[in-house]
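Numbering (this note's numbering), first residue to last: 425 to 648.
Even for Gly, the Cβ is constructed at its ideal location relative to N, Cα and C.
All figures in this text were calculated on a predicted structure; none of them were measured in a lab.
Beneath this line is the structure, given in structure tokens, with notes to follow.
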């Protein structure tokens, strides 16, 4: 009991009442990042909330964020086991979804050596230059003729860089081939990002985990 009280007293302040079962979920409104920003602005840079069964630390100052991710990075190294990670993250085994441990260290080492090392970054410099040039030309044309969708432009450039690095393919631009394949690939990537960010109520309220509130689980299974 004393251990529990000490642990509870060490938590950051929580300025709102935590309701049974749902916790502070009742505070969230769309878009959630603006809601959380307003809460931080009013009540402080470090707050403790509870989203259903999940404890949440709301950090909104550079100094506190630095302390979390430098001095206490191992403490915050684990990832929550969300439904998306099970199906899109191959049962939490990819770098984005794996929790801190030996497997995560191996993935990080591979990514550092094969993608992010100085040698690899320099090796792929020509690919980046080759893809940035048509983007700049597209922006110049757009200033006189029409509005440029920056989200789509950067999306296509990034995918081109990825595919040139991985498979030597270019899916967008004047020299792109296999239009149908590129269209399908873009659909897959777009849907994967959307599903990764979608909210599954069962992740926060375990009592509802087996209730099919929406078809998100079915979509994740198909995509995974």
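- Proximity of the stretch 512-522 to the stretch 628-643 falls short of the contact definition, fewer than three beta-carbon pairs being nearer than 8 Å.
- Between residue 624 and residue 506, the C-beta gap is smaller than 8 Å, which places the two residues in contact.
- At the C-beta level, residue 588 and residue 551 come within 8 Å of one another.
- According to the DSSP assignment, residue 531 belongs to the alpha helix (DSSP H) that extends over 526-535.
- Inter-residue distance for residue 481 and residue 511 is about 26 Å (C-alpha atoms, whole angstroms).
- Residue pairing by DSSP places residue 545 in no beta bridge whatsoever.
- At the C-beta level, residue 538 and residue 544 come within 8 Å of one another.
- Judged by DSSP secondary structure, residue 583 falls within the alpha helix (DSSP H) whose first and last residues are 574-590.
- For residue 478, the uninterrupted beta strand (DSSP E) run begins and ends at 478-483, by DSSP.
- Under DSSP, residue 474 takes part in a beta bridge, and its partners are 479.
- With respect to residue 438, residue 493 sits apart: the two C-beta atoms are not nearer than 8 Å.
- Around residue 620, the same chain offers 508 and 512 as residues with beta carbons nearer than 8 Å, after the five sequence neighbours per side are excluded.
- Of all alpha-carbon atoms in 614, 490 and 479, the one lying nearest the alpha-carbon of residue 503 is that of 479.
- For the 8 Å CB-CB criterion, residue 445 and residue 629 form a contact.
- Between residue 469 and residue 448, the beta carbon gap of about 17 Å keeps them out of contact (Cβ cut-off 8 Å).
- Shown here for residue 467: same chain residues with a beta carbon closer than 8 Å to its own, the five before and five after excluded, namely 437 and 439 in chain order.
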